[in-house]
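The sequence shown lines up with residues 99 to 351 when you count with the working numbering.
The beta-carbon is built from N, C-alpha and C at its ideal position, and this holds for glycine as well.
This report refers to the structure that appears directly beneath it.
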Amino acid sequence: MTGWEQLAVLGAGLGAGILSSTVGVASLLSFPVLLAVGLPPVVANASNTAGLVAAGVSGSFGYRQELRAHPAVTLAVLVTCAVGSVGGAVLLLALPPGVFEAVVPWLILVSCLLVGAQPWISRWLRRTRDEPTRLRHHMSPATVVFSVLTGAYGGYFGAGAGVMMAAVLGLGTDLPVHVVNALRTVSLLAANVVATLIFVFVADVDWLAIGLLAAGSVVGGYVGARIGRKMPPTVFRVLVVIAGVVTAVVMLL
């Protein structure tokens with residue numbers, strides 16, 4: 099890579115880190131930049147995943163107050179997404195490339211719909227519960243299952259996984275939006291760590307690209323968390339829906 103290309107990757111890492119901690123579509127920015135500077139697709143995918151681990155670490159640190167306030171849910175999200183991502187990585191190695199390419203964009207669009215409609219759906223769910231006034235600050239068995247499945251998707255492919263996790267936590271709990279955003283950031287961290295451990299041993303990676311992405315994303319992840327903590331719920335939902343729709347459209351095209 100030339101000096102300008104290295105600067106572009108560093109900047110992509112910064113922007114991707116901010117996106118990771120706010121709306122969860124970091125790869126929409128960083129992956130195309132890695133391709134543009136000449137990395138083969140497989141190398142770019144593995145290097146991108148590894149480089150964005152730093153964003154997950156700094157983003158989670160930026161959300162530490164929210165995560166400390168709900169340790170049980172934080173632990174559950176970490177474990178379920180880590181376990182799920184192992185399964186996703188196994189599928190990635192075992193299945194032919196592109197098996198889910200036709201399905202994934204539609205999954206993301208459905209998740210966008212659920213995130214956008216979450217306030218109305220949550221109110222309806224509260225009216226149908228036996229204890230409508232009791233807030234759900236723990237993950238139900240159904241939410242755990244969907245969290246594992248989302249982690250599996252994150253380990254297999256990853257694009258739009260943050261949007262899916264926002265939908266799962268938004269509908270499966272009554273936690274505030276900024277807490278959901280914190281937990282979504284942790285879920286992406288868990289999936290990326292597992293995938294990185296696998297990629298380092300079984301895939302080709304570009305260590306210079308990883309280092310540049312990590313240097314940029316570690317700053318961006320923390321900045322994004324500071325933004326996400328102050329983001330109004332409606333703004334968060336609108337941005338997540340927009341980011342998810344853009345991701346799905348890009349994948350369809």
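Would you identify the three-state DSSP class for residue i, choosing helix, strand or coil?
i	result
V135	coil
P331	helix
G113	helix
S118	helix
V300	helix
V175	helix
P194	coil
P130	helix
S318	It is Gly, not Ser, that sits at residue 318 in the sequence shown. Here G318 sits in helix by DSSP.
L337	helix
T271	coil
T189	In the sequence as presented, Thr is not what sits at residue 189; that position holds Leu. Helix at L189.
L123	Checking the displayed sequence, the identity of residue 123 turns out to be Val instead of Leu. Of the three classes helix, strand and coil, the one that applies to V123 here is coil, per DSSP.
Y161	coil
L105	helix
H276	helix
In whole angstroms, what is the alpha-carbon distance linking residue i and residue j?
i	j	result
V68	Q163	Outside the displayed range of the chain (99 to 351) lies residue 68, so it cannot be described from this structure.
A142	D272	37 Å
A106	P203	28 Å
G136	W218	46 Å
G318	G115	4 Å
V291	A215	31 Å
L311	T294	14 Å
T241	G270	5 Å
S125	A110	9 Å
V177	V131	31 Å
L127	T248	21 Å
L112	T100	19 Å
V336	M329	11 Å
A180	L205	20 Å
V201	V344	16 Å
Can you list, in chain order, the residues of its chain whose CB lies under 6 Å from that of residue i, leaving out five sequence neighbours each side?
i	result
T120	G322, I325, G326
F244	V266
Considering only the beta carbon of each residue, do residue i and residue j sit closer than 7 Å?
i	j	result
A187	G253	yes
A346	L207	yes
A144	A301	yes
V277	G268	no
G185	A250	yes
V246	G182	yes
Please classify residue i as buried or exposed, where buried requires at least 16 other C-beta atoms within 10 Å of its C-beta.
i	result
V333	exposed
L190	buried
S238	exposed
L150	buried
F299	exposed
A288	buried
V339	buried
V303	buried
Looking only at its own chain, which residues have a Cβ that is under 7 Å from the Cβ of residue i, when we skip the five neighbours before and after it?
i	result
L165	S158, T172, A280, V284
L211	none
In its own chain, which residues sit with a C-beta less than 8 Å from the C-beta of residue i, not counting the 5 before and 5 after it?
i	result
S209	G258, V261, M262, A264, A265, G342
S118	A124, L150, A153, G154, G157, G260, T283, L286, S315, G318, G319, G322
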